[in-house]
Every structure is written in structure tokens, then in C-alpha cells.
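Notes for the one structure printed next.
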Ligand code: FES
Ligand code: FES
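If you want it as C-alpha cells, here you go:
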């Protein structure tokens, strides 16, 4: 009573299964209230009543606004069992206490595995270096300033003629120089002093590699004296609160005066949070982090830098800047050494960002060699082709199907996701592997590919992705008039519901794989590279090592090459950022690469729609392109 | 009653003669309460019970803490007529309403006259320049970024190969480029783009010249398209709250964790306040101010930049940096264009700062020519000697006597100050001129010099500055046992009290003039320059044009040269800042000058004390040095 009286008309809410009691404001959505009090509810569309992932159960709905038409459509039968969309239902003023149950499949789950690939050998030569400097003490006869004596000391070692001192270094210089006989200077690119520290601190020098992905931020901390990664972490991109989809965020950033800044602050807060965690984990003082290399697609690059993104989203899709940028990290609010340098790798085009430059750097694709393809699969898939003359790239609007979006039981590769699925020949017995020690709750990208490939091999679906009505199996059921193949039945699943795949789900994947294949084939046609000439196909992105090479070929995601030529390189963009941290040559190389890669706009190609349509079959309309797989087709 | 109840134990105060009613907090000093409510009380020592300038009258003192011993000493007889030091007397809890009368001589007065000297011809070539750039619109076939197209546009005009874009410019670039066909870019030093504006804004380009003096900040706004000064203002340095004297401030800045930053913020707030005023006066948008040139002595230079000053105040008196510094004004919080450059002129040594560099720049002293002396008279007086080979300088601890401090009726050259005094031969009739249309309240520096010179010519004081007991005049009175010469009697003065000069006052001036003369003579001896060789003596500083050339010679402030060789150049340091604003050549020249000037430490010279003692007479112990004045001496 007392509480109600004090806070006016707030509504008491109990979030289950957490048993968390909280107060909601009248007219606030369940989603907003949940986020506010730290309860994670999936909201892939950013609360715009599109994705349907934010389902919650509320038995007594008298304290909520009634369901909207949109809601009813997305929930269909579930509305009867008192489900609501958390992003739509709002609390009514003076409502009685309300209990909100968050079902298992609506819970935001933690990723299980670090996605950073293992290290390649790179000569350690970071842009930042530490030198121990003996500085002459001042005297009545030596009228030189502190900065002059320091620079003279550095020159005695380096013999340089031109070294500059950062403004922020000077403020504390008098005290530092008098604290010890010798000091340690941090030099940037051997020409700027970015920090001066009392004593010999040469053993502590760290750098951060950061990949700002649309849905995830990964961060690793490297010891720059030996190149060893000492900690890494990743986190859901907190901008997801403003829309899962990148375009939604661009739109949001344009909607109000401060929105762009707000999105920037959100990313920076996410980065700072990760920074704090990796530093704590490795027992490193953030003050000793002197460099951060940041990669990300073009929109994330612009948003992180606080650059207007409006024109990235409208024709002719022009970025504000493509060159790499080196700024003081403090200028964008990074919580590391106040003079640390934040280096943003260059971007290639509006749809091929710094992440692709990182991919190329890490995979050495820029080195002359036999033709090779690199694919970085995500909501937008970047495809880069190396031929004998250089690099060509394009961006494919593959959509988020491989991240589980628009797939009824789709989910990201997090705890509880099926990561691989096999269907035993003949009997339709299904085998699967789950991420984490838990019951399965949905399908991540690699499992969806497996399911389609296996169904196709078994003749359960035809080349158009339609169920073959001649095959009979108890696993194929009509649910509410829609045919679905049951992968995990309700009894075994973590949600208590069947985990299924429908023709609609398969179609989503077909659209995605066709887009990606068309990207590959267009680049190859343009550059006159034949399938047989490809020495390698490198696949980067969230899939990780769980992808089945044969199944990837069987659904026609990539050109048909022997499985031995296919490599999964994980989060190569992040690894590229790490490479740049280790070597300032890589840093300069990145700019050269970005300038040299030729971007091809798929939509501008007149053959595009024809090629895309042909790729909308399993594995492709033209079976000659997939001749090595003929044993699996049409049986 | 109600009010008392609400605010607890605050004390009602009536400040007279303003009739301002206010509330003071218990245990607050009268001074603090007055400052808080906007009543100006002189407080040259920063409220440390040293200067005695903060005298106020309180008839009923029951609500105040009793007078301290220090207070009694400073107030002596005045304590009887219920005077108190505002910085010492504190309000008692639950006191009855108190009336505080601020006597005329304790009122902070506005300076009457702008101290910025008139302009010299300097070729207009500021570091910032504006160019109108036609930028190609982006298209599907032109994949260049906004920044690439902008830079290409600039290069079409300038033909430069290397132009950089400031990070902060990029954020808004997409929108700006799409607002108009052509944009205007602000280039810094023809190599960095610091601002991009829609349309043609070439007509609006401004810069600030700022002189941060120990006691005063002066600021002028220049139109950089034609070099015209469009507004100027000055203000008491708000740091005075932390001590009139520079050493007090250095001590304060070291006393606590944040004190240094606080002093920096105080100066910056003062500068921003002036900026706002000059911009408003000239109807200029601060966004169109792209450059600020800042001069000041070394301590002010360091404090403004937030640099540790501790070691400026202890032997061997080493500055943190001597080179000029160009930083983004925003880094120190200047409220002008966010990318505007703040340029700090270089300093020469701990005791000869950027103001001296400004003096030299403005006066062209660095140009080869006949020997010449430049004196910038202040609490520290900088003396610079030009001989045939170069420049030598020293700093003289002249003290603030010429600013009225330590002089019983001394004051700054503000409204109400006597600016010149003549004593009619024989009759001791006194003539004077007052600054402003008001009754006189005290003596500023030029008047003090006049009084001493005139008394000396009349034989009323001897060569040691002692009253000649043989002369009788009603103007020479013993007040409380101390002999004083009455310049203005109580009836004519604005304070209702006699304005007098005592032997003690004269002695203060003798110490000051001896310090300055010794600086001049030491430099001349060191460089082998004879008095007869001096082609000019330039006097800069607060004195202005009211100084009497003959009297200056007669008290022995400077070497005895014909009056025609003496020039008053006003606030030359500020004028030097303006010159730098107008010409980037001057900006580079400043660095060269600072490197070339040789600093000489007076205290290190073994002849120093002897020379100083000899200069402690009127005009000097060695009358041969002042032979042109022999008619006035010993008569
Ligand atoms: S429908 Fe509610 S968050 Fe997407
Ligand atoms: S004695 Fe009070 S301010 Fe100086």
C-alpha cells in the first residue's frame, strides 16, 4: 500500500520464471519494463511487432491493453493460450499486480563459444612501442623545458629528428619526470609520444581488437609485447534495443535530434563494458591499453564514429569516408589510456565494410595466388573474389535466415540451439547435436542447412524445396493446415513444443542461399574465373566449424568445389583486427587493400535476376554446375 | 518570519550603498556572501587577510565573529569606526539582520579604457582560410565517399596532394554536402579541413586574440577576411578569487587533487564569457570563430593548458614546454567552432612568457637594428634588449606597486583613479587628472610615479625617498605619527578621506623601480650596450599613454635617454596575439623568436645586489648615469 501511494500509479509486475518483482509504468510495454529491470526478452525486430519473438504469457490480461490486429496475426493460435507480444502489450494505469511468464524460446540466450579463430603467424611490430628514456634533470644552467629534455632523451635512442608530444601528455609531464630517474615513453608510429610513465613499464603494453557486428560485438585483449591474446569476450550489440535489423537502426538514428549520438553512445558503452571485462579477466589496467583496432560493416563503422548514416541507406548509397581513420579513443569515449589511438580499418563501400578488409587481411587473400573466394556470411554476405589480377567484391542481401530470423524455430548459435542434424537414410530417424548441456530449443544456421540438405538427399523435398507428397513418414505432419517436418518432438525439446521446419522456412533459406550463390557466380563471370580454377573457398562468419561441407554444397550455397577446398575461418574480420594490432604494416596494408578492391553492385548487373532465379533451386537450375553431387540428386 | 523558517539559520544582510538585500549562510565570510550575490568587493590578496583592500563598515557587529589579530593590524585606527575585513568577518548563526556598507574605495571598479594598442600594418594571411568547393554529387557509378569527393574538389582548386579531414568534420559531412551545390571549407594552414559549411560562407571568418594576464584577461575579435578588430573586451582574471598574486595561485593549484583543473576551468570560463560578449557585440556567431591565439606569462600559459605548475615555482624553475602549441580549442573547453584551433604562443622561460613573445612580435624588436630596450611592466616586469647580434631578456620581480598594491591609496587604472599629478613649483599646489567623470579615490601607477618625481623635483623628498624635514607645507601632515603628503584632501576626494602618499609608499615604488632598472642595466652590461647607443625604449603594460616621460626618467625607472626615444606601446602582448592571428608567418616567426631570445637569470649575476642597491636612490646612486637630469637634482 505504502509503496503504491508513493509511486503513484505504477503497476506491480512479477516476471517468471525468475521470480523477479518489479514496477512498471502505466502505458509502458512489457518489453520496455523488462529491459529496464534487466530481464532479457528476445526482440529481433526491435519491438516493432514484426519478428514475433517476444512472446510472453499473461494469464490475467485485465491490466493490459487489448491485443492489436498485428499481434493476433503474429500469434495466431497462441493468442488463445494467453500469449501476448511483449512489445505490443502495455500496462494499464492502476492495474492490479500482473504476472508475466517468459517462455523458454523467448529468453535471450548467451552465446556458448568464442568465435575468434586461432592465430596466424604475424611479425609482431605494433604501431605503439615503448622506450625507456633517461631524462636529464633540469638545472639553473639547463634552461630547457621538460618536453625538450624528454624529446632529447628519446632522440638519443632513436636518432629521430621529428617527434611530437601529444597535448595531453604535457599536463602531467613535470611530475612524471621527477618521479624517477628514467621514464617510459609510449611512441605511436615512432613519431608521436602518446604517454609518459614513471619508471620502466616496458613489460605492460596492450591493445584491443574489436569487431562491431550488427548483432554482436567481439573484443579481445592482446599483449603487444608478445602478441598473445590474453582475454576475449563478446556481447550482443546493445543497439539491438533499437532494431535487430540494420536499416531500422539507420532509420532510428535519423528520426530525432540526438538519436545518432544515442546509438553511438550505446555501442561505445558496449565496447567499454567488454573492455572492462577483458581487462579484469587478464588483470590489466585499462591505462595500459594504448591502441584499439575497430572493424565493422559500414553502418556500424559510421554509427560508432558518430557519422551521419542517412545516405548509406538511400541510393546511390554513399559512405561519408572510406579511408582508415586514426583518432584519439577518448574522442569517441573509449575507456582506455586517454591518449590511446583508436584505429578504424578502411571500408570498401556502403555494403562492404571494414570487416571485409579484416577478412582479407587475415586470410591473406590480397596476396597474389590462384583464384579463391571468400564469403563472410551474415545478414549481408560479403563475397570477395581473388583472381590473378586482383580483388573484386560484392554484397549479397542474404537476409538473417542463417541467424534464425524469419525461421519459425530459428535461433542464433547460442545455448540450446541444434548445431547439426542428420536424417538416417530410409527410416527418417533424426540425429542431432545441441550447443551446451541442455535440451534443444531451436535451429541455428548450420542445423537449418543440414535439415534442408538431408531432406533433399532423402527425397523428402524436391528441387523447389517443396515436400514430396509421395513420401510418408510420421515426422511429416500437418499442423493447422501447414505441412511441417518434425526434427525434435515436443517430449524431447526444451520448449515442450515440436521443433519443426516448414516449406516457408525452407523458402527463406533458398532465398538466402540464392543471393549468396549469385554473388559468387556474378563475380566469377565478371572476372572470367571458372569453378575448376578456384583453389579455395573460405567461409567466415558466425557459422563456425560446425558447418557440414557437403551439405553446404548440396543446397547450392557456394560453387561446387571439392569439400577439401572449403575452409571455415570463423570470425576472420576480428582476426584481421588482431593482425592489424600486431603489425603496423598490416595497418598500412589495410588502406592499400581497401583502395584496390573493386566493388561490383549486383543489382546493376542485367543478368542478376536471371541468375538469382536459377539459383532458387536445389542445388541450382543448371545441374551441370553441381555435377559432382549428381549421386544425391533426383534419387 | 516564514522565510527565516524555510531557510533555517541564514542571516539577512543588507548591502549598502546598493540597497541589495540577501541571505548569508552562517560561518560564511562577508566577502564570500558578497561575491555569491554579485556584489564586488576588492580583494587583491584573494581573501587571505593580507591586502586590507576588502574593508567594509558594519555598525552593529553583534552578528559577526570578533576581529582577529591580523584584522586589527591591517585596519588599525579604522577598527574604531566599525570597519572590518570582509574576508575575515564571518556571520554568526541566527544573527539578527546585518547592514554591511561597502565604502567607495573597496568597490571593484571597471576599467575605463581599452588597453589594446592601435594596429600596425601586417599582411593579412591567417592560418585559416576559406575556399568555396564544388563537390560532385554521388552516383551509382561514382563510388567515392563524401570525403573523397570533397577532397577532390579542394584539390581541383589548390592542386594539393595531401589534405586531411578533421575527424569532427566527417560526422556532419553527408548532410552538409547535400544541402547545397557548393560548400565552403575552412582549411587550416592549407593542409587540414577543419570545417565544412553549406553554401558560400567565405565572408564570415573570425579569430580571437586573448591575453591571459595575471590580473586581467583581454580579448579581441578580428574579422579575418579584412583584419579589422570588430570588438574587444577585458575582464578581471577570475582566478583572482584564488589569489591576486601568482605564487598564491600556483600554491593553490598544488594543494588539492582537482585544484589545477579548477584554476583552468576558471580561466576558460572567463575567456568564454569574454568570447560571448565580443561575439554578441559584433553580431558574430561563435561557430564562425576558427582560431584563437593566446598569450600570457608562463604560469598563466600552463594553468590555461591545465599543465602542472609546481616546478615553475621552485628552483630551477623549469617550464613543462616552451614551444608553441596548436590544439583544438574544444580540448580546453573554448566555446567557439568545435574544430577551431587554439594557438598558444611559445614561452621563453619560467619568468618570461608568451606575452613577451607577443611584445617582441608586435614591436618588431626581433628585426635587426640599432640597440633598443622593451619593458613590459607588471608584477613581473620583462625586459628585452636588442643589440646588433640578437635578443636578450630577463625578468624583474618589480612587484605590484605600479598596480596600486601595497600602496596605501593605490589602485589600478580604473574609474576614479588619479592618472596624473603635478605639483606647482614653490607653492605645493597640486593639480591632477582623474580617470572617468568622478571624484578621485586613489592613485594608479602613473600618478604614483608623478607624485614621487614631483616631490623630488620640489625637494620635498630626498634621494632616499625621505621627506625633507626642512620644507614646511600644510600638505605634509603627521597622521597617527606617520608623515604623509596630502595629494587630494578629504573634501575633494570620493572617499571622504585624504588621498596621501607616505614614505612607506615611496619605498615600495623605489624597490619596484630599482628592480626594473637593474634588469635594464644588467642586460646592457652583459651585451656591452651603452646608454647612448639605445635608439629606443619601448614601454608596454597597463600604464598606457598617461605616463609622463620625464618623470619616468626622473625616478630612475629606465636608463636616462632623451624623452623622444621613449614610446608607450600599451598592451603589446595582446597586439602580438592579434598579429599572429592575422598572419601565419607571424605564427611561425614566434617560434623562431622564442628559440633565439637568450634568457638571463638576474639572481645568478654576482653584480646583482650591488646594482640593485645603487638603483635604490633617486634617480640612482651614480648620478653620471642620469646627467641629463642634473637640473632637477639636489636643488
Ligand atoms: S514482435 Fe515484439 S519484438 Fe519483435
Ligand atoms: S585582506 Fe581581505 S581580501 Fe585582502
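Protein chains in written order, with our numbering: chain A, 1204 to 1838; chain B, 1204 to 1838. Cβ coordinates follow ideal geometry from the N, Cα and C atoms, glycine included. Note that the coordinates shown come from a computational prediction; the quantities given were computed from them, not determined experimentally.
Less than 8 angstroms separates the beta-carbon of residue 1295 (chain A) from that of residue 1229 (chain A). In the displayed model, residue 1260 (chain A) falls within a strand according to three-state DSSP. Residue 1641 (chain A) is positioned such that its CB atom lies closer than 8 angstroms to that of residue 1697 (chain A). Scanning the stretch 1514-1569 of chain B for uninterrupted alpha helix (DSSP H) segments of 4 residues or longer gives 1557-1566, listed from N- to C-terminal end. Of all residues in the stretch 1795-1808 of chain A, only 1802, 1804, 1807 come within less than 7 angstroms of chain B when Cβ atoms are compared, listed by chain position. In the DSSP annotation of this structure, the continuous segment of the beta strand (DSSP E) that includes residue 1682 (chain B) starts and ends at 1679-1682.
For the set A:1542, A:1753, A:1525, the Cα lying nearest the Cα of residue 1533 (chain A) is the one of A:1542. Following the DSSP letters along the chain, one finds residue 1226 (chain A) in no alpha helix (DSSP H) but inside the beta strand (DSSP E) bounded by residues 1223-1227. For residue 1509 (chain B), the C-beta contacts it makes with chain A under 7 angstroms involve 1374, in order along the chain. Interface with chain B (8 angstroms Cβ-Cβ cutoff): residue 1351 (chain A) is included. As for any beta strand (DSSP E) of minimum length 3 sitting wholly inside the stretch 1585-1670 of chain B, the runs are 1594-1599, 1620-1627, 1632-1637, ordered along the chain. Chain-order list of chain B residues neighbouring residue 1519 (chain A): 1341, 1342, 1343, by C-beta distance under 7 angstroms. Of all alpha-carbon atoms in A:1466, A:1749, A:1786, the one lying nearest the alpha-carbon of residue 1450 (chain A) is that of A:1466. Note that the C-beta distance between residue 1568 (chain B) and residue 1580 (chain B) is not below 8 angstroms. Going by C-alpha positions, residue 1570 (chain A) is about 22 angstroms away from residue 1725 (chain A). For residue 1530 (chain A), the residues of chain B that pass the 7 angstroms Cβ criterion are 1370, in the order they occur in the chain. The beta-carbon of residue 1513 (chain B) is placed less than 8 angstroms from the nearest beta-carbon of chain A. Contact annotation: residue 1524 (chain B) and residue 1343 (chain A) have beta-carbon atoms that are not nearer than 8 angstroms. Note that the C-beta distance between residue 1819 (chain A) and residue 1717 (chain A) is below 8 angstroms. In this structure the stretch 1550-1557 of chain A does not lie against the stretch 1753-1763 of chain A, because fewer than three pairs of beta carbons, one per stretch, are closer than 8 angstroms. Contact between residue 1233 (chain A) and residue 1292 (chain A) holds, since their C-beta atoms are separated by about 5 angstroms, short of 8 angstroms. Any Cβ of chain B closer than 8 angstroms to the Cβ of residue 1432 (chain A) would place that residue at the interface, and such an atom is absent. Interface with chain B (8 angstroms Cβ-Cβ cutoff): residue 1348 (chain A) is included.
Within the same chain, 1414, 1548, 1557, 1558, 1561, 1776, 1780 come within 6 angstroms of residue 1498 (chain A) by CB-CB distance, once the 5 residues on both sides are set aside. Contacts between residue 1761 (chain A) and chain B, judged by CB atoms closer than 8 angstroms, are missing: the closest CB pair is about 26 angstroms apart. Distance from the CA atom of residue 1596 (chain A) to the CA atom of residue 1803 (chain A), rounded to whole angstroms, is 6 angstroms. With its beta carbon at least 8 angstroms from every one in chain B, residue 1306 (chain A) lies outside the interface. Nearest Cα to residue 1420 (chain B) within the set B:1367, B:1476, B:1377: B:1476.
Residue 1525 (chain A) belongs to the set of residues whose beta carbon lies under 8 angstroms from a beta carbon in chain B. For residue 1219 (chain B), the three-state secondary structure derived from DSSP is strand.
Think of a sphere of 9 angstroms around the beta carbon of residue 1378 (chain B): the chain A residues whose beta carbon falls inside it are 1511, 1513, 1514, in chain order. The residues 1455, 1456, in chain order, have a CB closer than 7 angstroms to that of residue 1462 (chain A) in the same chain once the five nearest residues on each side in sequence are set aside. In the displayed model, residue 1676 (chain A) falls within coil according to three-state DSSP, outside both helix and strand. Flagged as an interface residue toward chain B: residue 1534 (chain A), by a C-beta distance shorter than 8 angstroms. Excluding its 5 nearest sequence neighbours in each direction, residue 1520 (chain B) has C-beta neighbours in its own chain below 6 angstroms: 1553, listed in chain order.
For residue 1370 (chain A), the enclosing alpha helix (DSSP H) begins and ends at 1370-1373.
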